[in-house]
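Asks: Numbering (the numbering used here) for the sequence shown: 65 to 180. We treat Cβ as the ideally placed atom computed from N, Cα and C, and that holds for glycine. Just so you know, these numbers come straight off a predicted model, no measurement behind them. Questions regarding the structure given below will be posed in turn.
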Amino acid sequence: MRPVIAAASLILAIIAAGCSSNPPLRTDASSSAIHAAEAVGVEGAPRAALHLQLAKESLAQAQVLAEKGDRDEARSLLMRAQADAELAILLSREQSEKTEAALAVDKVRQLQQENR
């Protein structure tokens, strides 16, 4: 009787292990960062656009790797995607601020010319 119970237990354990699946890959942070970068807009900042594209590619590659079972590498790519998207936001803001500063300098020069 003991061998039957042991065999049944082993079979149940194998079935349970085979039916369990990996939890879904958490893409929330990187996806949110990508959406934020898209919302900020990267049209006038080529470097920002590049990093946004890199973020999207890293996210897609992470999803492929997760499906293949390479979750550690997928997590690394998700972190990279988030970092690239956040960098895209910063670069876009930097470009915007440079443009505003240049306009302000031009305005000051114009006012100085008018006052001479």
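#1: Given that a residue counts as buried once 16 or more other Cβ atoms are within 10 Å of its Cβ, and exposed if not, what is Lys162?
#2: Cα-Cα, which of Lys171, Arg139, Arg111 is closest to Ser160?
#3: Determine the contact status of Ala152 and Leu142, defining contact as a CB-CB distance below 8 Å.
#4: Classify Pro110 as helix, strand or coil using the three-state DSSP reduction.
#5: Comparing C-alpha positions only, which one of Arg144, Arg139, Glu158 sits nearest to Leu118?
#6: For chain C, is any of its Cβ atoms less than 8 Å away from the one on Ala112?
#7: Can you tell me where the alpha helix (DSSP H) holding Leu89 begins and where it ends?
Replies: To lay it out plainly:
#1: exposed
#2: Looking at the Cα atoms, Arg111 is the closest of the given residues.
#3: no
#4: helix
#5: For the residues Arg144, Arg139, Glu158, the minimum Cα distance to Leu118 belongs to Arg144.
#6: Going by chain labels, chain C is absent from the structure shown, which holds only one protein chain.
#7: Where Leu89 is concerned, there is no enclosing alpha helix (DSSP H), given that its DSSP letter is neither H nor E.
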